[in-house]
Amino acid sequence: MALVSSSPENLSLGANLALVGDELLQFASAVPLGQGRWQLRGLLRGRAGTESGIATHAVGEPFVLLDRQMTSLSADSRISRIAASGLGDPVPVVSNVRLSGLSLRPPSPVHPAVTTMADGTTRLGWTRRSRGGWRWADGIDVPLSEEAERYVVTAGPDDRPLARWSVDVPWLDLTPLEKDAVAEQSVRIRQQGTFALSEPLVFSVLP
Numbered sequence: 001m002a003l004v005s006s007s008p009e010n011l012s013l014g015a016n017l018a019l020v021g022d023e024l025l026q027f028a029s030a031v032p033l034g035q036g037r038w039q040l041r042g043l044l045r046g047r048a049g050t051e052s053g054i055a056t057h058a059v060g061e062p063f064v065l066l067d068r069q070m071t072s073l074s075a076d077s078r079i080s081r082i083a084a085s086g087l088g089d090p091v092p093v094v095s096n097v098r099l100s101g102l103s104l105r106p107p108s109p110v111h112p113a114v115t116t117m118a119d120g121t122t123r124l125g126w127t128r129r130s131r132g133g134w135r136w137a138d139g140i141d142v143p144l145s146e147e148a149e150r151y152v153v154t155a156g157p158d159d160r161p162l163a164r165w166s167v168d169v170p171w172l173d174l175t176p177l178e179k180d181a182v183a184e185q186s187v188r189i190r191q192q193g194t195f196a197l198s199e200p201l202v203f204s205v206l207p
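Anchor point for the sequence shown: position 38 equals 38 in the working numbering, and the numbering is continuous, going up by one each time.
Encoded structure:
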């Protein structure tokens, strides 16, 4: 297998996309080091909402170079393994399905902001992303790609939250009493997609 370098223009069109562990990334430069080893530079990390995989890498994990000939699996299926067979292959090659359901889950919201309003209300704001549009064009919002815009906001431990809110706008207004009730607690915002919840955007501690 040979890797090649890519121009910024081709990277913007999806060139040199690879799955490394649980992270999708792109690389601008590939330098051969011999014995099947490569040095990759100019990395674009956490592509397609896989930033949670950045912290999970391990020595010897799989590296898969992806192309534009990918095949979608049915959203209703429970496929865990797939088999691929070429015209001259005596037996198929079997592989486990990685990141199952990732394309059906909205990416986590980004750009957290805390604003104190004139009446003392604390507004937590964020920006949604979309699993149906990865390009950020000026003046154009990304497509929703879900049945409706909904968010689940929790405060406190993730497994046992102290408070929970559901909103259909990219912000949550907390009264002074509500804010005091969750003071010193982390707040997590997840987008409620048609098929699944996103990974959380975390406000570490409310000011």
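All residues carry an ideal CB built from backbone N, CA and C; glycine is no exception.
With respect to the 8 angstroms criterion, VAL97 and SER80 are classified as neighbours on the basis of their beta carbons.
Contact check for VAL202 and ARG188: beta-carbon distance about 5 angstroms, within the 8 angstroms limit, so the pair qualifies. Look at LEU102 here: in three-state DSSP terms it is helix. If you ignore the 5 residues before and after ALA15, its C-beta comes within less than 6 angstroms of the C-beta of SER6, all in its own chain and listed in chain order. For the pair GLY21 and GLU51, the CB atoms are not nearer than the 8 angstroms cut-off.
At least 8 angstroms separates the beta-carbon of VAL114 from that of GLY156. DSSP places ASN16 in the coil class of the three-state scheme, outside both helix and strand. Its Cα nearest to that of GLU146, the residue ARG131 stands out among ARG131, VAL153, VAL152.
From the listed residues GLY36, PRO143, ASP67, the smallest Cα separation to GLY193 is found for PRO143. About 4 angstroms separates the CB atoms of PHE27 and LEU40; that is less than 8 angstroms, so the two are in contact.
Its chain contains VAL153, LEU172 as the residues whose beta carbon lies nearer than 7 angstroms to that of TRP165, once the 5 sequence neighbours on both sides are disregarded; these appear in chain order. For LEU177, the uninterrupted alpha helix (DSSP H) run begins and ends at 176-181, by DSSP.
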